[in-house]
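Peer 1:
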Amino acid sequence: MSQVTVTLPDGSNRAVPAGTAVRDIAESISPRLAKAALAGIVDGRLVDLAFVLEQDAAVRIVTPDHPEALKLCRHSAAHLLAAAVTSLFSGVQCGIGPPTDEGFFYDFVVPRPFVPEDLDAIEAKMRELASEDLVYERQMWPREEAKAFFAGRGEPLKVQLIDEKTEGQHEVSCYTIKDKDTFIDFCVGPHVPTTGKLKAFKLLTTSNAYWKGDARNQPMQRVYGTAFLSDKELKAYLAQVEEAKKRDHRKLGRELGLFTFHQWAPGAAFWLDNGTTLYNTLANYMREVLFPAGYVEVKTPLVFNKDLWETSGHWSHYRENMFLVESTDGEAMGMKAMNCPGHMLVFGSTVRSYRDLPLRLHEQTPLHRNEASGVLSGLTRVRQFSQDDAHCFVTQGQIEDEVERLLGLVQRVYGDFGLSYTAKLSTRPAEFLGDVATWDSAEAQLKAALQRSGQAYTINEGDGAFYGPKIDFDVTDAIGRKWQCATIQLDYQMPQRFGLKYVGADNAEHLPIVIHRAIYGSFERFIAILIEHYAGAFPLWLAPVQVMVLPIADRHLAYAASVRSQVQAASLRVQLDERQEKIGYKIREAQLQKIPYMLVVGDREIADATVAVRTRKGGDQGSKPLADFVGAARGEVASRAVDLVPSHENASV
RNA sequence: GCCGGCGUAGCUCAGUGGUAGAGCAGCUGAUUCGUAAUCAGCAGGUCGUCCGUUCAACCCGGAUCGCCGGCUCCA
Numbered sequence: 276m277s278q279v280t281v282t283l284p285d286g287s288n289r290a291v292p293a294g295t296a297v298r299d300i301a302e303s304i305s306p307r308l309a310k311a312a313l314a315g316i317v318d319g320r321l322v323d324l325a326f327v328l329e330q331d332a333a334v335r336i337v338t339p340d341h342p343e344a345l346k347l348c349r350h351s352a353a354h355l356l357a358a359a360v361t362s363l364f365s366g367v368q369c370g371i372g373p374p375t376d377e378g379f380f381y382d383f384v385v386p387r388p389f390v391p392e393d394l395d396a397i398e399a400k401m402r403e404l405a406s407e408d409l410v411y412e413r414q415m416w417p418r419e420e421a422k423a424f425f426a427g428r429g430e431p432l433k434v435q436l437i438d439e440k441t442e443g444q445h446e447v448s449c450y451t452i453k454d455k456d457t458f459i460d461f462c463v464g465p466h467v468p469t470t471g472k473l474k475a476f477k478l479l480t481t482s483n484a485y486w487k488g489d490a491r492n493q494p495m496q497r498v499y500g501t502a503f504l505s506d507k508e509l510k511a512y513l514a515q516v517e518e519a520k521k522r523d524h525r526k527l528g529r530e531l532g533l534f535t536f537h538q539w540a541p542g543a544a545f546w547l548d549n550g551t552t553l554y555n556t557l558a559n560y561m562r563e564v565l566f567p568a569g570y571v572e573v574k575t576p577l578v579f580n581k582d583l584w585e586t587s588g589h590w591s592h593y594r595e596n597m598f599l600v601e602s603t604d605g606e607a608m609g610m611k612a613m614n615c616p617g618h619m620l621v622f623g624s625t626v627r628s629y630r631d632l633p634l635r636l637h638e639q640t641p642l643h644r645n646e647a648s649g650v651l652s653g654l655t656r657v658r659q660f661s662q663d664d665a666h667c668f669v670t671q672g673q674i675e676d677e678v679e680r681l682l683g684l685v686q687r688v689y690g691d692f693g694l695s696y697t698a699k700l701s702t703r704p705a706e707f708l709g710d711v712a713t714w715d716s717a718e719a720q721l722k723a724a725l726q727r728s729g730q731a732y733t734i735n736e737g738d739g740a741f742y743g744p745k746i747d748f749d750v751t752d753a754i755g756r757k758w759q760c761a762t763i764q765l766d767y768q769m770p771q772r773f774g775l776k777y778v779g780a781d782n783a784e785h786l787p788i789v790i791h792r793a794i795y796g797s798f799e800r801f802i803a804i805l806i807e808h809y810a811g812a813f814p815l816w817l818a819p820v821q822v823m824v825l826p827i828a829d830r831h832l833a834y835a836a837s838v839r840s841q842v843q844a845a846s847l848r849v850q851l852d853e854r855q856e857k858i859g860y861k862i863r864e865a866q867l868q869k870i871p872y873m874l875v876v877g878d879r880e881i882a883d884a885t886v887a888v889r890t891r892k893g894g895d896q897g898s899k900p901l902a903d904f905v906g907a908a909r910g911e912v913a914s915r916a917v918d919l920v921p922s923h924e925n926a927s928v
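My numbering puts the first residue of the first sequence at 276, with every later residue one more than the last.
1) Please confirm whether Met769 and Val789 have their CB atoms less than 9 Å apart.
2) So what's Thr552 in DSSP terms, helix, strand or just coil?
3) Sort out for me which residues DSSP pairs Ile788 with in a bridge.
4) Restricting to runs no shorter than 4 residues, where is the alpha helix (DSSP H) found entirely within the stretch 819-900?
5) According to DSSP, is Pro641 part of a helix, a strand, or is it coil?
6) Reducing DSSP to helix, strand and coil, say where Pro417 ends up.
7) Taking 9 Å as the cut-off, decide whether the C-beta atoms of Ile806 and Cys760 are in contact.
8) Going residue by residue through the stretch 397-441, where are the continuous alpha helix (DSSP H) segments of at least 4 residues, counting only ones entirely within it?
9) Pro386 by DSSP, collapsed to three states: which one?
10) Is it buried or exposed, Pro567, if we count other Cβ atoms within 10 angstroms and call 16 or more buried?
11) CB Ile336 to CB Ala301, shorter than 9 Å?
12) Rounded to a whole number of angstroms, what is the C-alpha to C-alpha distance between Ala833 and Gly617?
13) So the alpha helix (DSSP H) Gly811 belongs to, where does it begin and stop?
14) So for Glu595, helix, strand or coil by DSSP?
15) Which first and last residues belong to the beta strand (DSSP E) in which Lys526 is found?
16) Taking Asp456 as the reference, which of Pro814, Arg522, Arg428 has the closest Cα?
17) Using only CA atoms, which one of Ile459, Glu398, Lys510 lies nearest to Tyr267?
18) Residue range of the beta strand (DSSP E) that Gly609 falls in?
19) Using the beta-carbon count (16 or more within 10 Å), is Val928 buried or exposed?
20) Contact between the stretch 813-828 and the stretch 840-855 is defined here as three or more beta-carbon pairs at a separation below 8 Å; is this criterion met?
21) For Val573, name the three-state secondary structure that DSSP assigns.
22) From the DSSP output, in three-state form, read off Asn288 for me.
23) Say whether the stretch 809-821 touches the stretch 545-559, bearing in mind that this needs 3 or more beta-carbon pairs closer than 8 Å, one atom from each stretch.
24) Runs of 4 residues minimum, wholly inside the stretch 310-382: which ones carry the alpha helix (DSSP H) assignment?
25) Residue ranges of each beta strand (DSSP E) run of no fewer than 3 residues wholly in the stretch 730-782, ordered along the chain?
26) Going along the chain, which unbroken runs of the alpha helix (DSSP H) with 4 or more residues stay wholly within the stretch 671-717?
27) Based on the DSSP output, what are the partners of Lys477 in its beta bridges?
28) How long is the line joining the alpha carbons of Phe461 and Glu646, rounded to whole angstroms?
29) In terms of residues, what are the limits of the beta strand (DSSP E) holding Asp460?
30) What is the DSSP secondary structure of Val928, counted as helix, strand or coil?
31) Secondary structure at Arg491, three-state DSSP: helix, strand or coil?
32) Tell me whether the beta-carbon of Ala353 lies closer than 9 Å to the beta-carbon of Phe379.
33) CB-CB under 7 Å to Val650, same chain, minus the five flanking residues each way: which ones, in chain order?
34) Could you give the C-beta distance for Lys667 and Arg630, rounded to a whole number, given that I count them as a contact under 8 Å?
35) Would you give the residue range spanned by the beta strand (DSSP E) that Phe579 belongs to?
36) What are the boundary residues of the alpha helix (DSSP H) that includes Ser303?
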């Protein structure tokens with residue numbers, strides 16, 4: 276029998292007979308390794324433990340601590356799910372069942388939609404199959420035979436998949452889970468060796484999906500689940516989900532009196548007093564950032580004649596997302612869904628010189644988008660919102676500098692909120708307007724700006740808008756979730772559509788380029804992110820109520836009122852709790868409202884002209900002169916100190 | 001928009017084919033208190049809305065609105 280040489284990760288070689296399985300290599304290294312083994316990597320390719328070595332190869336054994344292991348186990352869990360579903364229900368067709376970032380799902384065509392009780396039954400069946408430690412076996416089927424098999428079993432979707440994915444192949448790869456009813460699925464694998472390796476999994480939810488994600492196709496039922504390599508990790512994940520629930524901005528928004536919704540204004544928030552304070556604080560902060568950076572603020576109309584939207588191109592491409600209204604003359608009007616067309620008119624309202632550029636127009640007025648009812652969700656997806664929008668009109672040669680300035684702004688703003696972020700550059704898509712040379716130049720300038728500012732970025736090839744390349748930013752919140760917020764988009768088309776021009780140094784007319792840019796994205800969505808990021812415990816500079824004065828008894832009211840006035844005079848947002856309640860009760864309420872500072876005042880404080888400072892985070896800090904407190908608090912506001920609630924702490928109480 | 005689930009007091013939730021409850025919040029009174037809930041009393045809902053079945057509907061059926069989870073889309 277011929278021998279093959281196996282090279283292990285430590286560089287050592289060993290000769291084994293050709294036909295040796297990866298599993299046997301693991302066994303020969305150590306029984307413990309064999310027991311932990313989930314798969315192998317042969318010459319860089321992930322394979323089953325049953326994979327047979329026919330030639331010299333570099334072999335690595337994949338154990339649970341390998342980066343590929345998680346995906347592998349989730350993929351196998353998806354198969355286990357499909358096996359359970361086909362065993363429990365008749366007339367089921369399987370679609371696809373991939374691993375995802377958070378777990379896995381599998382789509383099925385079923386006679387009736389799943390209900391929550393079905394999930395329990397399916398999960399129980401999965402546990403049963405897992406406990407039987409059934410083998411995942413890879414089988415190579417002749418292609419036509421496989422197609423005939425799936426066709427005969429009433430699974431046309433699988434036949435379609437085989438047709439699309441294995442054109443020109445003679446054999447296709449299938450996996451079985453041999454139960455009393457053998458489950459067979461078309462799949463390239465690899466998989467864990469047996470179902471017994473899957474211990475830490477949980478089904479989460481069912482939902483509707485469509486074959487290939489296209490609503491014109493057959494509706495299917497999707498079952499979501501998650502799986503981990505250890506119970507500990509699964510528990511940690513579920514705890515993380517719980518933590519996210521506690522931080523849910525919809526819940527905190529109500530509890531903290533920030534905003535509310537009413538069914539008569541779906542997708543439009545009512546900002547309550549506390550929320551309005553927060554909103555305004557963010558709006559003014561943005562002005563504070565943008566004005567020194569050379570921006571001017573404008574306000575443009577909310578309703579425009581259809582001609583505006585026809586000129587911008589939105590009438591033909593975006594009309595179904597706009598709220599349309601009619602004037603008394605029967606004139607068709609549309610509520611603005613974005614500011615750019617209005618800003619084009621501002622630019623064109625007077626003669627512009629190259630000396631005026633860059634011209635940076637900032638606007639915070641509300642926008643309306645008639646979003647599909649099913650997509651509305653809290654503050655993250657609404658029909659009325661405002662952006663921290665701006666359009667920078669620049670010359671072709673100013674792009675790089677302007678983008679570099681923008682990158683600096685993004686860094687500064689996210690830094691002030693304690694948010695980390697990543698950037699991605701999206702380049703020319705397959706369908707684009709304009710000429711390639713202009714695109715290349717624009718992309719080169721964006722890259723140069725990114726490099727000059729030291730901003731790390733990834734490239735999304737071909738993901739740019741049809742009118743220009745862009746840089747998008749994802750922020751990561753305190754519990755690790757990513758949100759797309761800021762964007763910087765180059766646009767050559769809009770200025771052209773509006774016939775914009777500026778007079779150059781050469782006394783000739785030139786076309787300006789516009790940079791659409793936003794840092795928050797929208798106030799609504801950004802506030803939602805901040806609420807969840809801070810778990811409702813806003814840093815002092817953002818807290819709607821910064822200080823609560825708590826008198827111990829009625830006789831302390833006058834002193835408390837004087838404390839309040841002095842704190843108020845220092846431009847801090849302060850309230851006085853003058854209810855006839857015990858101090859513990861008032862403290863509890865202020866604590867639940869996540870108010871950063873409580874000032875307790877009683878006989879001792881009156882005698883010493885002090886306040887007893889209590890922080891929401893650290894409890895009683897002892898007494899100090901009011902002026903000392905005010906000075907420190909003002910300093911904390913000015914520095915915009917960030918005070919994050921760690922994700923492992925109970926965020927709600 | 002599509003699929004599924006849900007809609008009972010301000011909030012969190014019980015509940016039954018014979019016109020509804022609890023806790024918290026609210027109000028009133030008493031209590032004047034030192035760092036996360038003082039006590040007592042009172043009040044509060046045409047059970048999302050409309051239509052139907054029924055002697056009788058919060059409960060059954062249909063429609064509609066909204067919310068939630070997904071799909072698609074997106075700031």
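Note that the Cβ used here is the ideal one computed from N, Cα and C, for glycine as well.
Peer 2: In this structure, then:
1) yes
2) Taken through DSSP and simplified to helix, strand or coil, Thr552 comes out as helix.
3) Val669
4) 832-844, 858-867, 878-883
5) strand
6) strand
7) no
8) Fully enclosed alpha helix (DSSP H) runs of no fewer than 4 residues occupy 418-427, 431-440 of the stretch 397-441, in order along the chain.
9) coil
10) Exposed, by the Cβ-count rule.
11) Cβ distance < 9 Å, so Ile336 and Ala301 count as in contact.
12) 53 Å
13) No alpha helix (DSSP H) holds Gly811; DSSP gives it neither H nor E.
14) helix
15) That residue, Lys526, is in no beta strand (DSSP E); its alpha helix (DSSP H) goes 524-530.
16) Arg428
17) Residue 267 lies beyond the residue range present for the chain, which begins at 276 and ends at 928; the question has no answer from this structure.
18) 607-610
19) Unreliable placement is indicated for Val928, whose pLDDT of 29 sits below 50; the coordinate value is still reported in the next sentence. Answer is exposed; the Cβ neighbour count stays below 16.
20) yes
21) coil
22) strand
23) With a cut-off of 8 Å, the stretch 545-559 and the stretch 809-821 count as touching, because enough Cβ pairs lie within range.
24) 344-363
25) List check, beta strand (DSSP E) in window: 732-735, 745-751, 757-766.
26) 674-692
27) Residue pairing from DSSP places Lys477 in a beta bridge opposite Thr501.
28) 38 Å
29) 458-461
30) Confidence at Val928 is low in this model, with a pLDDT of 29, below 50, so its placement is unreliable and the value that follows should be read with caution. Of the three classes helix, strand and coil, the one that applies to Val928 here is coil, per DSSP.
31) coil
32) yes
33) Arg656
34) The sequence shown places Cys at residue 667, rather than the Lys named in the question. The beta-carbon distance between Cys667 and Arg630, rounded to whole angstroms, is 16 Å. This is too long to meet the 8 Å contact definition.
35) 578-580
36) 297-304
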